[in-house]
Amino acid sequence: MLAAVAHNPYNSTRQISRGSGISQSSVVRILHLDNFHPYQLSVHQKLHGRDFDKCVQFCDWLLDGCPAHYTRYLLQILNRIFPNRWIGHGSNIVWPARLPNLTSLDYLIWGTLKNEVYRKPRTTAEDMRERIISACVTINEKTLEKVLHSLVIRLRKCIDCNGQHFEHRLK
54 MLAAVAHNPY
64 NSTRQISRGS
74 GISQSSVVRI
84 LHLDNFHPYQ
94 LSVHQKLHGR
104 DFDKCVQFCD
114 WLLDGCPAHY
124 TRYLLQILNR
134 IFPNRWIGHG
144 SNIVWPARLP
154 NLTSLDYLIW
164 GTLKNEVYRK
174 PRTTAEDMRE
184 RIISACVTIN
194 EKTLEKVLHS
204 LVIRLRKCID
214 CNGQHFEHRL
224 K
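For reference, each letter of the sequence shown is one residue, going 54 to 224 in the working numbering.
Structural data, given as structure tokens:
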């Protein structure tokens, strides 16, 4: 059954159940025991060709520590101190394509902000602007620590899965 998932991760538990003759609840239980969890894969997130290698390289780079700014002077310093270990203009490391599952804003912050902003029904555009500003102010150090912790887990899981999709293995 695990080989079937590895061969085609797009198969649903219902399809696996039909193909294997095992009940769907048993399929789910077996997959959970091996840390597979259901998730919704969006087609726009499909990885291609060298994306897998780039994902692993990017995760390694993030786990090693990554700088945040890019001036010519800083680029020289980065090249000297972190050769082949930083990302940006002039770097050998390219930001991997189609990786919303590694972008902290995509998988955690926007969800938190959206829940806060849409807690009450929408009214006016000005009201929405004020809600967005208020929601941003509520992002505290504890939330950012949670984002960082979650990102490290995601980076390691991406490396463990050789840069392929790993959302189903996060729980």
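From the three backbone atoms N, C-alpha and C, an ideal C-beta is built for every residue, glycine too.
What you are looking at is a predicted structure, and each value in this text was computed from that prediction instead of being measured.
Checklist entry - Closest by CA to I13, which one among G143, R184, K199 and D180? => result With the chain running from 54 to 224 in the structure shown, residue 13 is simply not present.
Checklist entry - For I69, is the classification buried or exposed, using 16 other Cβ atoms within 10 angstroms of its Cβ as the cut-off for buried? => result As a first step, residue 69 must be located in the sequence shown, where it is residue number 16. Its Cβ being crowded by 16 or more others within 10 Å, I69 is buried.
Checklist entry - In terms of residue numbering, what span does the alpha helix (DSSP H) encompassing I186 cover? => result By one-based count along the sequence shown, residue 186 stands at place 133. That run of the alpha helix (DSSP H) goes A178 to V190.
Checklist entry - Do the CB positions of L166 and C189 come within less than 8 Å of each other? => result Residue mapping note: residue 166 aligns to position 113 of the sequence shown, counting from 1. Residue mapping note: residue 189 aligns to position 136 of the sequence shown, counting from 1. Cβ atoms of L166 and C189: closer than 8 Å.
Checklist entry - What are the start and end residues of the alpha helix (DSSP H) that includes W139? => result Within the sequence shown, residue 139 is the residue found at index 86, counting from 1. Careful: W139 lies outside any alpha helix (DSSP H) and carries neither H nor E.
Item to check | Same chain, Cβ closer than 7 Å to Q77, neighbours up to 5 away in sequence not counted | outcome: In the sequence shown, the residue the question calls residue 77 occupies position 24. Excluding residues within five positions, the ones whose Cβ falls inside 7 Å are T66, R67 and S70.
Item to check | Span of the alpha helix (DSSP H) around R103 | outcome: As a working mapping, residue 103 is identified with position 50 in the sequence shown. It is not in any alpha helix (DSSP H) - R103 carries neither H nor E in the DSSP assignment.
Checklist entry - Does the beta-carbon of G216 have 16 or more other beta-carbons within 10 angstroms, so that it is buried, or is it exposed? => result Counting from 1 along the sequence shown, the entry for residue 216 is found at position 163. Counting Cβ neighbours within 10 Å, G216 comes out buried, since at least 16 surround it.
Checklist entry - Can you tell me the Cα-Cα spacing of V80 and M54, whole angstroms? => result Counted from its first residue, the sequence shown places residue 80 at position 27. Counted from its first residue, the sequence shown places residue 54 at position 1. Going by the C-alpha atoms only, they are around 8 Å apart.
Checklist entry - Who are the near neighbours of I83 in its chain, counting only those whose CB is closer than 7 Å to its CB and skipping five residues on each side? => result Indexing the sequence shown from 1 puts residue 83 at position 30. The answer, listed in chain order, is M54.
Item to check | The alpha helix (DSSP H) enclosing Q77, as first and last residue numbers | outcome: Mapped onto the sequence shown, residue 77 falls at position 24. First-last of the alpha helix (DSSP H) with Q77: Q77 to L86.
Next on the checklist: If you measure between the beta carbons of C214 and R207, is that distance less than 8 Å?
Outcome noted: One-based indexing of the sequence shown puts residue 214 at position 161. One-based indexing of the sequence shown puts residue 207 at position 154. Cβ distance not < 8 Å, so C214 and R207 don't count as in contact.
Next on the checklist: With the cut-off set at 8 Å, would you say V51 and F105 are in Cβ contact?
Outcome noted: Since the first residue shown for the chain is 54 and the last is 224, residue 51 is missing from the structure and cannot be characterised.
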